[in-house]
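In the UniProt record's numbering, the protein residues as written are 1 to 222. Just so it is clear, CB atoms sit at the ideal spot from N, CA and C, and this is done for glycine as well.
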């Protein structure tokens with residue numbers, strides 16, 4: 001029911017308001033497990049991709065978005081469920097591993113899963129080194145990876161703002177990357193690093209961002 005509401009209401013409404021430029025939509029397989037690996041510029045990225053992709057895309061989201069009470073909690077839960085978000089606990093190694101296992105279940109069920117290999121949003125607009133979770137998923141599930149480049153979402157919802165603005169956004173879906181020759185080698189650090197670097201290179205070509213050879217770490221609280 002929520003998926004139907006997303007397709008019939010949210011997608012047309014969002015496209016009518018923001019009029020996104022969508023490129024390479026034909027590169028997203030319509031069936032079967034697939035990973036959509038994107039650069040990460042704004043909290044709203046996990047809304048932009050599901051509302052522009054040609055099929056339902058699942059992202060992991062903080063469990064708090066699904067546990068609120070009252071009308072606000074119900075609206076939050078309904079919205080995130082509607083765009084395909086999946087609740088997970090975050091913050092520890094155990095929760096990180098559980099998140100990967102949940103993502104693997106989604107892929108093995110023949111669905112599309114969205115991930116940000118950088119791990120966290122880029123605050124300076126540059127593209128950072130990817131973490132190897134995306135490779136572990138691709139090599140374990142044996143699914144293709146579609147690189148995705150977002151341009152402009154940080155202008156729609158700048159950091160510190162609560163209400164989205166009407167700004168231009170572009171979504172580019174690249175050609176699927178296949179790693180069939182490495183399927184089953186998810187335990188190999190060399191294989192995971194190779195796949196991750198290939199994915200990040202494809203994202204960089206689509207986005208045109210400056211690439212940084214270091215990881216993008218979450219800023220520490222003062």
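From the DSSP output, in three-state form, read off residue 137 for me. Taking the chain shown and counting its residues from 1, the one referred to as residue 137 is at position 137. Residue 137 falls in the helix class under three-state DSSP.
Quick check: the Cα distance between residue 159 and residue 150, rounded to an integer number of angstroms? Here residue 159 is taken as the residue at index 159 of the chain shown, counted from 1. Here residue 150 is taken as the residue at index 150 of the chain shown, counted from 1. Cα-Cα distance, rounded: 16 Å.
Which ranges would you report for the beta strand (DSSP E) in the region 139-193 if only whole runs of at least 3 residues count? 145-151 and 170-173
Starting from residue 22, trace the beta strand (DSSP E) in both directions and tell me its first and last residue. Position 22 of the chain shown holds residue 22. Residues 21-23.
Take the Cβ of residue 31 as the centre, count every other Cβ of all protein chains shown within 10 Å, and call the residue buried at 16 or more, exposed below. As a working note, residue 31 is residue 31 in the chain shown. The residue in question, residue 31, is exposed, as its Cβ has fewer than 16 Cβ neighbours within 10 Å.
Compare the beta carbon distance of residue 104 and residue 135 with 9 Å and say whether it is the shorter of the two. Here residue 104 is taken as the residue at index 104 of the chain shown, counted from 1. Here residue 135 is taken as the residue at index 135 of the chain shown, counted from 1. For residue 104 and residue 135, no; Cβs fall outside 9 Å.
Since residue 50 is in the alpha helix (DSSP H), which residue starts that stretch and which ends it? Within the chain shown, numbered from 1, the residue matching residue 50 stands at position 50. Per DSSP, residue 50 belongs to the alpha helix (DSSP H) from 45-52.
Is the beta carbon of residue 153 sitting closer than 9 Å to the one on residue 22? What you label residue 153 is simply residue 153 of the chain shown in a count that begins at 1. What you label residue 22 is simply residue 22 of the chain shown in a count that begins at 1. No, Cβ-Cβ distance for residue 153 and residue 22 is not below 9 Å.
Taking three-plus beta-carbon pairs below 8 Å as touching, is the region 206-218 in contact with the region 179-189? no
Buried or exposed for residue 169, please, with buried defined as at least 16 other CB atoms from any protein chain shown within 10 angstroms of its CB. Start at 1 with the first residue of the chain shown, and residue 169 comes out as number 169. Classification of residue 169: buried, given that the 10 Å Cβ count is 16 or more.
Could you pull the DSSP bridge partners for residue 62 from this structure? The residue you call residue 62 lines up with position 62 of the chain shown. Paired residue(s): 88.
Residue range of the beta strand (DSSP E) that includes residue 34: Stepping through the chain shown from its first residue, residue 34 is reached at position 34. Segment 34-38, the beta strand (DSSP E) holding residue 34.
What whole-angstrom Cβ distance do residue 148 and residue 173 have, given they're in contact under 8 Å? Mapped onto the chain shown, residue 148 falls at position 148. Mapped onto the chain shown, residue 173 falls at position 173. Contact holds; Cβ gap of about 6 Å.
Can you pull the DSSP bridge partners for residue 212? Here residue 212 corresponds to residue number 212 of the chain shown, with the count starting at 1. The partner list for residue 212 (beta bridge, DSSP) reads 128.
Would you call residue 25 buried or exposed, if buried means 16 or more other Cβ atoms sit within 10 Å of its Cβ? Stepping through the chain shown from its first residue, residue 25 is reached at position 25. It counts as exposed.
Ignore the nearest five residues each way along the sequence and tell me which others in residue 139's own chain have a CB closer than 8 Å to its CB. The residue given as residue 139 occupies position 139 in the chain shown. Within the same chain, residue 139 has close Cβ partners 179, 182, 183, 184, 185, 186, 191, 192 and 195.
Could you check whether residue 34 and residue 176 sit closer than 9 Å to each other, using their CB atoms as the reference points? Sequence index remark: in the chain shown, residue 176 carries index 176 (1-based). Sequence index remark: in the chain shown, residue 34 carries index 34 (1-based). Contact: yes.
For residue 166, count neighbouring Cβ atoms within 10 angstroms of its own Cβ and tell me buried if that reaches 16, exposed if not. On the chain shown, residue 166 is found 166 positions in, with the first residue counted as 1. With fewer than 16 Cβ atoms within 10 Å of its Cβ, residue 166 is classed as exposed.
Could you please give the first and the last residue of the uninterrupted beta strand (DSSP E) stretch that includes residue 114? One-based indexing of the chain shown puts residue 114 at position 114. Run containing residue 114: 112-115, per the beta strand (DSSP E) assignment.
Where residue 199 sits in the DSSP three-state scheme: Within the chain shown, numbered from 1, the residue matching residue 199 stands at position 199. Three-state DSSP puts residue 199 in a helix.
Assuming residue 146 contacts residue 20 (C-beta within less than 8 Å), just tell me the rounded distance between them. As a position in the chain shown, residue 146 is number 146, starting the count at 1. As a position in the chain shown, residue 20 is number 20, starting the count at 1. Actually they are not in contact, since the Cβ atoms of residue 146 and residue 20 sit about 17 Å apart, beyond 8 Å.
Taking its Cβ as the centre, do 16 or more other Cβ atoms sit within 10 Å of residue 37, making it buried, or is it exposed? Numbered from 1 along the chain shown, position 37 holds the residue referred to as residue 37. Counting Cβ neighbours within 10 Å, residue 37 comes out buried, since at least 16 surround it.
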